[in-house]
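S.K.: In this note's numbering, the protein residues as written are 29 to 134.
Just dropping this structure here.
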Amino acid sequence: MGGERVLLLLLLAGLGVGEAWRPPKGKCPLSCSCSKDSALCEGSVDLPEILSPTLLSLSFVRTRITQLKAGSFLRVPSLHLLLFTSNSFSVIEDDAFAGLSHLQYL
Numbered sequence: 029m030g031g032e033r034v035l036l037l038l039l040l041a042g043l044g045v046g047e048a049w050r051p052p053k054g055k056c057p058l059s060c061s062c063s064k065d066s067a068l069c070e071g072s073v074d075l076p077e078i079l080s081p082t083l084l085s086l087s088f089v090r091t092r093i094t095q096l097k098a099g100s101f102l103r104v105p106s107l108h109l110l111l112f113t114s115n116s117f118s119v120i121e122d123d124a125f126a127g128l129s130h131l132q133y134l
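Below, the structure is given as structure tokens:
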């Protein structure tokens, strides 16, 4: 099993314990499941605009997002892990990942 699959399984297992915790004040988009410091978004059409700035892990699975524009993740500067599984991008602009100084895994 590849490292990406193992990591996704671990992330999904962590999100699947009990009900997913939803951060206060609508910080978890409808297409996502959120825990205290992670979000898993499945089938999204666009990148969520409302996410907690303290997220450490953000995963996109089978989305219909086609573009990653410059500064796409400026609202989540604490990310350590950004995972894309089964997505197709037509455009990834320069500086799409700008501001992710803590990112360890892409």
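Every residue gets a Cβ at the ideal spot worked out from N, C-alpha and C, and that includes glycine.
Starting from C69, follow its DSSP beta bridges and name the residues at the other end.
M.R.: Along the sequence shown, read from residue 1 onward, the residue named residue 69 stands at position 41. Note: C69 sits in a beta bridge opposite C60 and F88.
S.K.: Apart from the five residues on each side of it in sequence, which residues of its chain come closer than 6 Å, Cβ to Cβ, to V73?
M.R.: The residue you call residue 73 lines up with position 45 of the sequence shown. R92, listed in sequence order.
S.K.: Here's a check: name, in chain order, each residue in its chain whose Cβ is nearer than 8 Å to the Cβ of L131, leaving out the five neighbours to either side.
M.R.: Counting from 1 along the sequence shown, the entry for residue 131 is found at position 103. So the qualifying residues of the chain are L107, H108, L109, L110 and F125.
S.K.: Hey, L128 and V104: beta-carbon distance below 9 Å or not?
M.R.: Here the question's residue 128 lines up with position 100 in the sequence shown. Here the question's residue 104 lines up with position 76 in the sequence shown. Yes, they are a contact pair.
S.K.: Can you name the start and end residues of the beta strand (DSSP E) that F112 belongs to?
M.R.: Taking the first residue of the sequence shown as position 1, residue 112 is located at position 84. Unbroken beta strand (DSSP E) run through F112: L109 to T113.
S.K.: Starting from the Cα of L86, find the closest Cα among S63, V119 and A98 and give me that residue.
M.R.: As a working mapping, residue 86 is identified with position 58 in the sequence shown. Considering only alpha carbons, the answer is S63.
S.K.: Checking the sheet assignment: what are the DSSP bridge partners for V119?
M.R.: Working through the sequence shown from its first residue, we reach residue 119 at position 91. V119 is bridged to Q95.
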